[in-house]
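Here the UniProt record's numbering is used: position 233 in the sequence shown is 233, and no number is missing along the way. Comments concern the structure below.
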Amino acid sequence: MATHAGGLKDGLKGGLTTGAAVRIEGLVRAFGDRRVLDALDLTVAPGEFVALIGRSGSGKSTLLRVLAGIDHDVTGYQRLDAPENVSVVFQDARLLPWKRLLENVTLGLDGPDATRRGRTALAEVGLAGRERAWPVELSGGEQQRVALARSLVREPELLLADEPFGALDALTRIRMHALLRRLCEAHRPAVLLVTHDVDEAIALADRVLVLDAGRIAADLPITLPAPRAPGSPAYAALRADLLARLGVDVEPADADGPDADRGGVEPAEGGTP
Ligand SMILES: Nc1ncnc2c1ncn2[C@@H]1O[C@H](COP(=O)(O)OP(=O)(O)O)[C@@H](O)[C@H]1O
Ligand SMILES: [Mg+2]
Numbered sequence: 001m002a003t004h005a006g007g008l009k010d011g012l013k014g015g016l017t018t019g020a021a022v023r024i025e026g027l028v029r030a031f032g033d034r035r036v037l038d039a040l041d042l043t044v045a046p047g048e049f050v051a052l053i054g055r056s057g058s059g060k061s062t063l064l065r066v067l068a069g070i071d072h073d074v075t076g077y078q079r080l081d082a083p084e085n086v087s088v089v090f091q092d093a094r095l096l097p098w099k100r101l102l103e104n105v106t107l108g109l110d111g112p113d114a115t116r117r118g119r120t121a122l123a124e125v126g127l128a129g130r131e132r133a134w135p136v137e138l139s140g141g142e143q144q145r146v147a148l149a150r151s152l153v154r155e156p157e158l159l160l161a162d163e164p165f166g167a168l169d170a171l172t173r174i175r176m177h178a179l180l181r182r183l184c185e186a187h188r189p190a191v192l193l194v195t196h197d198v199d200e201a202i203a204l205a206d207r208v209l210v211l212d213a214g215r216i217a218a219d220l221p222i223t224l225p226a227p228r229a230p231g232s233p234a235y236a237a238l239r240a241d242l243l244a245r246l247g248v249d250v251e252p253a254d255a256d257g258p259d260a261d262r263g264g265v266e267p268a269e270g271g272t273p
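Now the structure itself:
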């Protein structure tokens, strides 16, 4: 949905020339004298699925807004390359209530085949036949499916998702994980998924980044074999490691026991590490 605009657009150097979908060097974003992003470096390869986790208030949404081109007050950077063709999905679907589903998906889409592409996208997210429904007739999960269709119908080079499943119930969330993986395998955008759910990050991503103190504090490739079922020692160790980096200590022996913590813990802002 979002396109780069305003002052930031002038500063973008064009991701395609670098061989990466995203290349950031030395990004600083301050609010007042507080540097939320402080000389941050980040590279995402074309087609790579990267999850970004971090405490509440660590700057995850701030980073996504910069990449979406909707932050016009970036403090500074040495390099800030991102594609022109970026789509964003938020926690709420943000559908226009006065437009039917198909129109929501094709909104702003050019070309004579926009309607056909919109129908295909709705079918891809399991909503064939609902083209003429109104957003209010849909469940929260269905609305997020429409949001995914709307973002992918544009064949973005980069998909930015800011806790897209955070408001959904656990069962719907698991279904959405499978759908998102399928869609990304079909369309191959680079993905930067913000989540506070460690299990979601492990389930979906090729690589998990931890944002802390304004920088990428950890960069961990996920090499677990598919399916990444919770319960294996390797899964439990990775999960405990990621939670520890968020300031949540998990006893490895308890990691999948009856009192296991939820992977979705988001430590309070300013909590002790
Ligand atoms: N427009 C703004 N004005 C002032 N402070 C902001 C603004 N946007 C974000 N912040 C601050 O920047 C920090 C990071 O916010 P955010 O990126 O939303 O965190 P996260 O998404 O990781 O929870 C927070 O302390 C937040 O209060
Ligand atoms: Mg946020």
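Glycine is no exception: its CB is placed at the ideal position from the N, C-alpha and C atoms. Bear in mind the structure is a predicted one, so any value in this text is a computation, not a measurement.
Reference residue i; option with closest CA among the options
i, options, result
"residue 23", "41, 98, 35", "41"
"residue 92", "206, 168, 64", "168"
"residue 163", "193, 174, 156, 181", "193"
"residue 176", "141, 96, 197", "141"
"residue 201", "66, 173, 70, 108", "173"
"residue 346", "99, 62, 138, 166", "The question about residue 346 has no answer, for the chain in this structure spans 1 to 273."
"residue 76", "68, 108, 27", "27"
"residue 242", "213, 196, 225, 228", "196"
"residue 59", "212, 228, 71", "212"
"residue 47", "218, 170, 157", "157"
"residue 69", "159, 227, 233, 130", "159"
"residue 210", "180, 227, 238", "238"
"residue 34", "219, 25, 57", "57"
C-beta contact flag for residue i and residue j at 8 angstroms
i, j, result
"residue 145", "residue 102", "no"
"residue 183", "residue 49", "no"
"residue 21", "residue 45", "yes"
"residue 222", "residue 245", "no"
"residue 150", "residue 104", "yes"
"residue 215", "residue 39", "yes"
"residue 97", "residue 135", "yes"
Presumed contact (8 angstroms Cβ cut-off) between residue i and residue j, rounded CB distance
i, j, result
"residue 94", "residue 147", "7 angstroms"
"residue 117", "residue 153", "5 angstroms"
"residue 55", "residue 247", "7 angstroms"
"residue 187", "residue 155", "6 angstroms"
"residue 224", "residue 240", "Going by Cβ atoms, the distance from residue 224 to residue 240 rounds to 14 angstroms, so no, they are not a contact pair."
"residue 73", "residue 65", "Not confirmed; about 10 angstroms, so no contact."
Self-check item: the stretch 105-117 / the stretch 79-94 touching (three or more Cβ pairs under 8 angstroms)
Solution: Result no; under three Cβ-Cβ pairs closer than 8 angstroms.
Quiz item: Got a list of residues with beta-carbon closer than 6 angstroms to any non-hydrogen atom of ligand 1, in chain order?
Solution: 31, 36, 54, 56, 57, 58, 59, 60, 61, 62
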